[in-house]
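**Q** What follows is a structure written as structure tokens; I'll ask about it next.
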Amino acid sequence: MEDNVILLAEDDPNHAALIQRCLLAHNPQCRILHLSDGEQAIAFLLGEQGHRRTRLLLMDLRMPKCDGLEVLRQLKQQAGIKHLPVVILSSSAAERDLRQAYRYCANSYLVKPHDLNSFQALLSMISQYWLESNNPHPELSASAYQEAL
Amino acid sequence: MSRAEPTRDEIREHVRRQRRPMLVARAAGGVGIILGGVVSFCLAKLLFEPATAFSWYTPFLALALLQLAVLVYLRRPVSGLQVERIALFDVVAACAVISWGGALSQRTHSSQLFLLGVCMSAAALVPWGPRIQALLAVTVLVAVQVNAFLVAGDFLSALGFPTMVPMVILLATSIYIADSLDRTRMAAGKEELLRVRAEEETRELNKKLEERVAERTAEYHAVNRELEAFTYSVAHDLRAPLRSMDGFAAAVLDDYGSALDETGRQFLRRIRGSAQKLGNLIDDLLKLAQVARLRVERRAVDLSAVFADAVVKLEKLSGDREVEVLVGEGITVHADASLLRLAVENLLANAWKFTGNEDAPRIECGAMEDAGRSVYFVRDNGVGFDDAYAEKIFKVFERLHTDAQFEGTGVGLATVRHVVERHGGRVWASGETGVGAVFYFTLDEFGEADELDEGGDDVEV
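Note that the protein sequences, when read in sequence, are chains A and B. If you use our numbering, the first sequence corresponds to residues 1 to 149, in order. If you use our numbering, the second sequence corresponds to residues 1001 to 1461, in order.
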């Protein structure tokens, strides 16, 4: 089983492929798990090992069955998982979506750029900020802190 | 909408419901009956005993004439209030006359009747409440009736006439007066009822209208929400495949570019360019839709700063271009900041674009006074345009140049027009081919054009 996975919840297979391509272009070593709707993402994250293995959730807002907001709402209520950084990658620049996402405690809200170059730049930035800027795993650091006590 | 005439029963029912006029009118009716008797008696006296006709019963004669005048007057439709006044007048007059008559007729109880008449007359003149007035009217009626019949009895015997004749006359005139009073009452009642019904109908119509307005407003909001959902899916669903098209074309260029010849790579670049262009067009259209949807929230905006910011933005986008830009200082307007920004950005981008082929591009923006209003302008020394097209360029998708000459979506100036119009202003342009163009706009020239939206945004979350 792989650890330090970037979980990608995205219903558009083309976008998913492009996002994966950009992430891999930035860091060929990163491991990405693509799930095509919110329900699968929740099932995975609430499952046995899911949340321990995940470092970052990249998620679209509009997905079939269970949309991004609903996933956010459920995740941010679960004690074990609420510290997992969630970055919303949406096509919508509507103010309402942005507000709602932040109301449900999204860590970041980014609008998908139109061209691949900007997309590449954006995903490199996300990857750098959330995975490489030497952030300890929030979940792990919390348990380490508790052990130290 | 035609209204049915109220039936007789309905009117009577309505009159009955109006308690006060009914009581007083009934009392007046009674007085009328008595006065009718008096009139007939006086006429009989004049006819059969003219020698003594102008003695003690002269007041009766005067009253009879007065009563006739009242009768004539009653034939015309009068309002409920008038009926009351006439009735009151009759009561007072009858009291006075009967009292005099009683006193003059030398009957034993005449002084008491005189006193009673004077008291009643005085009492009836006081503006009591409706109940007391009605009570007085009835009391006076009884007193008058007693006195009248006493006097009438005297004369009947003195004349030696068959008792039936004056009685019949008395009855006939009484019925006539009662009937005319009733007709007056009914006419007034009908008038009143029609008014009440009209009021009710108006109320009903108002209620219906309000309901309909609420319904329409709800419909409008529903349509608005639908439209919003539509633009949302346009943004999402139309743009998503474009992003893939551009993305995969770029991916092919990156990964397999070396396997293609220059023509192949050129084709892929064209695919990318088209995808991006369509993406921009969708963006511009969404912005245009946003202008129509958003509420205008006005506050003091530093227009000079907005001009300057837009210029900085443009300079960033086209790094190597040198454009001389002059911005008028200290222009403050009362407008919606984000909408105004959108308009100014579009105007400046326009000027920026069309000065692209100039050796010494120059853009000037500022404000001036014209006929008492502030006019803001953006002037450039670019390619300009033929003044004949000055109106056309503000329409969506209307363009004067091909993409090869100047790129564009044909939405920018339409957006400017929408923003300005939502601020109650006007936008116009003048140009000369090869010399340059000037775009002018005003704010607040006409009333704000977005009353329809006022309620709309409150509903939204």
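From the three backbone atoms N, C-alpha and C, an ideal C-beta is built for every residue, glycine too. Values in this document were obtained by computation on a predicted structure and should not be read as measured data.
With 7 angstroms set as the bound, which would you pick, yes or no: does the beta-carbon of residue 91 of chain A sit closer than that to a beta-carbon of chain B?
**A** Indexing the first sequence from 1 puts residue 91 of chain A at position 91. Yes, residue 91 of chain A lies at the interface with chain B (some Cβ there is under 7 angstroms from its Cβ).
**Q** Using a beta-carbon distance cut-off of less than 8 angstroms, what residues from the segment 42–54 of chain A approach chain B?
**A** Within the segment 42–54 of chain A, no residue qualifies.
**Q** Since residue 15 of chain A and residue 1244 of chain B should fall inside the 8 angstroms C-beta cutoff, what is the C-beta to C-beta distance between them, to a whole number of angstroms?
**A** For the purposes of this step, residue 15 of chain A is taken as residue 15 along the first sequence, with counting starting at 1. For the purposes of this step, residue 1244 of chain B is taken as residue 244 along the second sequence, with counting starting at 1. So it is a contact: roughly 6 angstroms between Cβ atoms.
**Q** Can you tell me which of the three DSSP states residue 1109 of chain B falls into?
**A** The residue you call residue 1109 of chain B lines up with position 109 of the second sequence. Low per-residue confidence applies at residue 1109 of chain B: pLDDT is 49, beneath 50, and the placement is therefore not dependable enough to give any value.
**Q** Below 7 angstroms on C-beta distance, what does residue 1279 of chain B contact in chain A?
**A** Here residue 1279 of chain B is taken as the residue at index 279 of the second sequence, counted from 1. 114, listed in chain order.
**Q** Considering just the uninterrupted stretch of the alpha helix (DSSP H) at residue 130 of chain A, what are its terminal residues?
**A** Residue numbering aside, residue 130 of chain A sits at position 130 when the first sequence is read from its first letter. Taken as a continuous stretch (DSSP letters only), residue 130 of chain A belongs to no alpha helix (DSSP H), as it is neither H nor E.
**Q** Near residue 1329 of chain B, what residues of its chain come up, given a Cβ to Cβ distance below 7 angstroms and the 5 sequence neighbours on each side ignored?
**A** In the second sequence, the residue the question calls residue 1329 of chain B occupies position 329. Here the set comprises 1304.
**Q** Measure the alpha-carbon distance for residue 86 of chain A versus residue 106 of chain A and round it to whole angstroms.
**A** As a first step, residue 86 of chain A is located in the first sequence; it is residue number 86 there, counting from the start. As a first step, residue 106 of chain A is located in the first sequence; it is residue number 106 there, counting from the start. Rounded to the nearest angstrom, the two C-alpha atoms are 6 angstroms apart.
**Q** Could you check whether residue 1317 of chain B and residue 1411 of chain B sit closer than 7 angstroms to each other, using their CB atoms as the reference points?
**A** Here residue 1411 of chain B refers to the residue found at position 411 of the second sequence. Here residue 1317 of chain B refers to the residue found at position 317 of the second sequence. Not a contact, by the Cβ cut-off of 7 angstroms.
**Q** Suppose the cutoff is 6 angstroms on Cβ atoms and the five residues either side in sequence are ignored; what does the same chain contact list for residue 22 of chain A look like?
**A** For this step, residue 22 of chain A is matched to residue 22 along the first sequence. So the list reads 119, 120 and 123, once near-sequence residues are dropped.
**Q** As a quick exercise: from A:45, A:56, A:101 and A:67, pick the residue whose alpha carbon is nearest that of residue 4 of chain A.
**A** Locating residue 4 of chain A in the first sequence gives position 4, where the first residue counts as 1. Minimum Cα distance to residue 4 of chain A is reached at A:56.
**Q** Tell me where the beta strand (DSSP E) around residue 36 of chain A begins and ends.
**A** In the first sequence, the residue the question calls residue 36 of chain A occupies position 36. That residue, residue 36 of chain A, is in no beta strand (DSSP E); it is neither H nor E in DSSP.
**Q** Taking the alpha-carbon of residue 64 of chain A as reference, which of A:9, A:130, A:126 and A:129 has the nearest alpha-carbon?
**A** Looking up residue 64 of chain A in the first sequence gives position 64. Taking only the C-alpha atoms, the option nearest residue 64 of chain A is A:9.
**Q** Is there a Cβ of chain B sitting closer than 7 angstroms to that of residue 14 of chain A, yes or no?
**A** Sequence index remark: in the first sequence, residue 14 of chain A carries index 14 (1-based). Yes, residue 14 of chain A lies at the interface with chain B (some Cβ there is under 7 angstroms from its Cβ).
**Q** Would you kindly work out how many angstroms separate the C-alpha atoms of residue 7 of chain A and residue 1319 of chain B, rounded to a whole number?
**A** As a working note, residue 7 of chain A is residue 7 in the first sequence. As a working note, residue 1319 of chain B is residue 319 in the second sequence. About 38 angstroms.
**Q** For residue 1351 of chain B, is the classification buried or exposed, using 16 other Cβ atoms within 10 angstroms of its Cβ as the cut-off for buried?
**A** As a first step, residue 1351 of chain B must be located in the second sequence, where it is residue number 351. Label assigned to residue 1351 of chain B: buried.
**Q** To the nearest angstrom, how far is the alpha carbon of residue 1438 of chain B from that of residue 1431 of chain B?
**A** Here residue 1438 of chain B is taken as the residue at index 438 of the second sequence, counted from 1. Here residue 1431 of chain B is taken as the residue at index 431 of the second sequence, counted from 1. If I take the Cα positions, the gap works out to 6 angstroms.
**Q** Kindly indicate which three-state DSSP category residue 68 of chain A falls into: helix, strand or coil?
**A** The residue given as residue 68 of chain A occupies position 68 in the first sequence. It is helical.
**Q** Quick one: using the 10 Å Cβ neighbour count with 16 as the cut-off for buried, is residue 59 of chain A buried or exposed?
**A** As a working note, residue 59 of chain A is residue 59 in the first sequence. Burial call: buried.
**Q** What residues match up with residue 1409 of chain B in a beta bridge as DSSP calls it?
**A** The sequence position of residue 1409 of chain B within the second sequence is 409, counting from 1. Paired residue(s): none; residue 1409 of chain B is not in a bridge.
**Q** Let me know the alpha helix (DSSP H) ranges lying completely inside the segment 1208–1256 of chain B, each 4 residues or longer, listed in chain order.
**A** Counting whole runs of 4 or more residues, the segment 1208–1256 of chain B contains the alpha helix (DSSP H) stretches 1239–1256.
**Q** Just verifying my parser: in three-state terms, what is the DSSP assignment at residue 1008 of chain B?
**A** Translated into positions along the second sequence, residue 1008 of chain B becomes position 8. If DSSP states are grouped into helix, strand and coil, residue 1008 of chain B belongs with the helices.
**Q** Could you tell me if residue 1209 of chain B is buried or exposed, where buried requires 16 or more neighbouring beta carbons within 10 angstroms of its beta carbon?
**A** Here residue 1209 of chain B is taken as the residue at index 209 of the second sequence, counted from 1. Residue 1209 of chain B is exposed by the Cβ-count criterion.
**Q** Below 8 angstroms on the Cβ atoms is my contact criterion, and I expect residue 1292 of chain B with residue 1423 of chain B to pass it. Report the Cβ-Cβ distance as a whole number of Å.
**A** Stepping through the second sequence from its first residue, residue 1292 of chain B is reached at position 292. Stepping through the second sequence from its first residue, residue 1423 of chain B is reached at position 423. Residue 1292 of chain B to residue 1423 of chain B, Cβ: 13 angstroms. No contact.
**Q** Give me the Cα-Cα distance between residue 69 of chain A and residue 62 of chain A, rounded to the nearest whole angstrom.
**A** Counting from one through the first sequence, the residue named residue 69 of chain A turns up at place 69. Counting from one through the first sequence, the residue named residue 62 of chain A turns up at place 62. Residue 69 of chain A and residue 62 of chain A: Cα-Cα distance of roughly 9 angstroms.
**Q** Which two residues bound the contiguous alpha helix (DSSP H) that contains residue 1263 of chain B?
**A** Taking the second sequence and counting its residues from 1, one reaches residue 1263 of chain B at position 263. First-last of the alpha helix (DSSP H) with residue 1263 of chain B: 1262–1293.
**Q** Can you round the beta-carbon distance between residue 1373 of chain B and residue 1336 of chain B to whole angstroms, since I take them to be within the 8 angstroms contact cut?
**A** Counting from one through the second sequence, the residue named residue 1373 of chain B turns up at place 373. Counting from one through the second sequence, the residue named residue 1336 of chain B turns up at place 336. Going by Cβ atoms, the distance from residue 1373 of chain B to residue 1336 of chain B rounds to 19 angstroms, so no, they are not a contact pair.
**Q** I'd like to know if residue 1359 of chain B contacts chain A, where contact means its C-beta is closer than 7 angstroms to some C-beta of that chain.
**A** In the second sequence, residue 1359 of chain B corresponds to position 359, counting from 1. Chain A, which has no Cβ nearer than 7 angstroms to the Cβ of residue 1359 of chain B, makes this no.
**Q** Go ahead and label residue 79 of chain A buried or exposed: buried means 16 or more other beta carbons lie within 10 angstroms of its beta carbon, across all protein chains shown.
**A** Within the first sequence, residue 79 of chain A is the residue found at index 79, counting from 1. Residue 79 of chain A should be labelled exposed.
**Q** Between which two residues does the alpha helix (DSSP H) carrying residue 102 of chain A extend?
**A** The residue given as residue 102 of chain A occupies position 102 in the first sequence. Residues 95–103.
**Q** What are the start and end residues of the alpha helix (DSSP H) that includes residue 50 of chain A?
**A** Translated into the one-based positions of the first sequence, residue 50 of chain A becomes position 50. Taken as a continuous stretch (DSSP letters only), the alpha helix (DSSP H) holding residue 50 of chain A covers 50–53.
**Q** Give me, in chain order, the residues of the same chain whose beta-carbon lies closer than 8 angstroms to that of residue 39 of chain A; leave out the 5 immediate sequence neighbours on both sides.
**A** To locate residue 39 of chain A, count along the first sequence from 1; it is residue 39. These residues qualify, in order along the chain: 65 and 66.
**Q** By DSSP's criteria, residue 1334 of chain B is part of a beta bridge. Which residues make up the other side?
**A** Here residue 1334 of chain B corresponds to residue number 334 of the second sequence, with the count starting at 1. Beta-bridge pairing links residue 1334 of chain B to B:1300.
**Q** Use the C-beta contact count for residue 1008 of chain B: other C-beta atoms within 10 angstroms, 16 or more gives buried, fewer gives exposed.
**A** Position 8 of the second sequence, counted from the start, is the residue given in the question as residue 1008 of chain B. Residue 1008 of chain B should be labelled exposed.
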